[in-house]
Amino acid sequence: MKRFLWITLSVSVLVWTGCGHQGTAESVTDVVPGDTVTPGDTEAGNTALKGDMPLDGESEPGVVEGPSHKVLVAYFSATGVTRGVAQNLARVLSSDIYEIVADPVYSAADLDWNDPNSRASREHEDHSIRPKIANHVENMSQYDVVLIGYPIWWGIAPQIVSTFVESYDFNGKTLAAFATSVSSAFGSSDEAIRELTPTAVWKTGQRLTSGDSDEVLRDWLRGVGVVE
Ligand SMILES: Cc1cc2nc3c(=O)[nH]c(=O)nc-3n(C[C@H](O)[C@H](O)[C@H](O)COP(=O)(O)O)c2cc1C
589 MKRFLWITLS VSVLVWTGCG HQGTAESVTD VVPGDTVTPG DTEAGNTALK GDMPLDGESE
649 PGVVEGPSHK VLVAYFSATG VTRGVAQNLA RVLSSDIYEI VADPVYSAAD LDWNDPNSRA
709 SREHEDHSIR PKIANHVENM SQYDVVLIGY PIWWGIAPQI VSTFVESYDF NGKTLAAFAT
769 SVSSAFGSSD EAIRELTPTA VWKTGQRLTS GDSDEVLRDW LRGVGVVE
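In this note's numbering, the protein residues as written are 589 to 816.
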């Protein structure tokens with residue numbers, strides 16, 4: 589039943605993807621990897637927005653805290669949906685934001701889940717594949733909390749998110765995943781990236797949408813321990 593629902597809904601996504609949605613991913617190439625812009629600039633996808641997360645209030649068990657407490661919203665987005673959620677989270681938190689940019693970016697053909705030979709399908713079949721990332725987070729050590737966003741692909745996080753988590757030392761950092769999808773629940777979509785970062789402190793992830801209100805976002809962020 590779940591599979592039937594996903595297939596039915598996937599037809600509408602395919603139409604949507606074919607109707608120029610891919611342009612969002614292509615526009616990423618217009619931005620120089622590693623660029624920084626000030627908080628509030630939501631135009632550039634491939635950027636790190638600079639800004640400290642406000643920290644006040646009482647402590648919660650397991651929450652990283654201290655005067656240098658800093659959050660990074662890191663995300664991969666092939667067609668722009670997860671980008672919208674990530675930008676909303678970064679706005680609510682006044683945090684830095686970083687887009688995991690694929691090298692090369694995914695074309696519409698790459699994302700064709702009906703084609704067993706498409707790039708996405710091949711990556712899904714072979715979990716040892718680590719798609720290349722075009723850009724890098726400057727000084728990951730400055731962050732105490734990293735929120736990792738991705739679109740759900742066949743129920744799990746795309747392999748490029750594994751490339752991302754293997755590229756840095758997350759020892760002792762607080763991590764939490766957020767995901768977008770057409771119909772799939774968050775489920776255990778973060779399982780693989782959790783297993784790759786056993787020394788991080790993982791919080792419960794959540795499926796979010798770009799239409800979620802700030803209050804919905806804050807509810808999840810409260811559970812992660814980064815807002816009151
Ligand atoms: C290769 C591929 C596989 C997907 N698999 C699923 C899935 O299993 N369940 C689902 O609900 N949506 C699935 N989707 C849809 C995406 O999760 C959804 O459109 C997502 O919001 C796209 O985010 P993005 O624009 O940030 O890439 C898939 C999309 C692609 C391209």
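Using N, Cα and C, we set each Cβ at its ideal position, and we do this for glycine too.
*Which residues bound the alpha helix (DSSP H) around L677?*
Numbered from 1 along the sequence shown, position 89 holds the residue referred to as residue 677. Where L677 is concerned, the enclosing alpha helix (DSSP H) stretches over 669-681.
_So, for V804: in the same chain, excluding its five sequence neighbours on each side, which residues have a beta-carbon less than 7 Å away from its beta-carbon?_
Counting from 1 along the sequence shown, the entry for residue 804 is found at position 216. So the list is empty, once near-sequence residues are dropped.
*Would you mind stating whether I748 and A690 have Cβ atoms separated by less than 7 Å?*
Here residue 748 refers to the residue found at position 160 when the sequence shown is read from its first residue. Here residue 690 refers to the residue found at position 102 when the sequence shown is read from its first residue. Against a cut-off of 7 Å, the Cβ pair of A690 and I748 comes out as a contact.
*To the nearest angstrom, report how far apart T617 and I721 are at their CA atoms.*
Translated into positions along the sequence shown, residue 617 becomes position 29. Translated into positions along the sequence shown, residue 721 becomes position 133. Any reading at T617 needs caution, since the residue's pLDDT is 28, under 50, leaving its predicted position unreliable; the model's value is listed next. Taking the straight line joining both Cα atoms gives about 12 Å.
_Inter-stretch contact at 8 Å, needing at least 3 Cβ pairs: the region 783-794 / the region 753-770_ = yes
_Comparing C-alpha positions only, which one of L735, F664, R710, A696 sits nearest to A678?_
Along the sequence shown, read from residue 1 onward, the residue named residue 678 stands at position 90. The shortest C-alpha separation from A678 is found at L735.
_Let me check you understand the geometry: is the CB of P692 closer than 6 Å to at least one non-hydrogen atom of ligand 1?_
Locating residue 692 in the sequence shown gives position 104, where the first residue counts as 1. P692: no, Cβ never under 6 Å from ligand 1.
*Considering only residues of the same chain and omitting the five flanking positions on each side of V659, which have a CB-CB separation below 6 Å?*
Mapped onto the sequence shown, residue 659 falls at position 71. These residues qualify, in order along the chain: M641, L681, S683, V733, V814.
*Between which two residues does the alpha helix (DSSP H) harbouring I781 extend?*
Residue numbering aside, residue 781 sits at position 193 when the sequence shown is read from its first letter. 779-784 is the span of the alpha helix (DSSP H), which, as asked, contains I781.
*With a threshold of 6 Å, establish whether the CB of L699 neighbours any heavy atom of ligand 1.*
As a position in the sequence shown, residue 699 is number 111, starting the count at 1. Checking every heavy atom of ligand 1 against the Cβ of L699, one is found closer than 6 Å.
_Tell me the rounded alpha-carbon separation between I717 and V812._
Working through the sequence shown from its first residue, we reach residue 717 at position 129. Working through the sequence shown from its first residue, we reach residue 812 at position 224. In a straight line, the C-alpha of I717 is about 30 Å away from that of V812.
*Runs of alpha helix (DSSP H) wholly within the region 678-743 (minimum 4 residues, chain order)*: 707-713
*asked:* Can you tell me whether V815 is helix, strand or coil according to DSSP?
replied: Here residue 815 refers to the residue found at position 227 of the sequence shown. Coil, per DSSP.
_According to DSSP, simplified to helix, strand and coil, what is T797?_
Locating residue 797 in the sequence shown gives position 209, where the first residue counts as 1. T797: coil per DSSP, three-state reduction.
_Short of 8 Å in beta carbon distance, which residues of its chain neighbour R806, apart from the five on each side in sequence? Order them along the chain._
For this step, residue 806 is matched to residue 218 along the sequence shown. Once the five neighbours on either side are set aside, the close Cβ partners of R806 are V680, V815.
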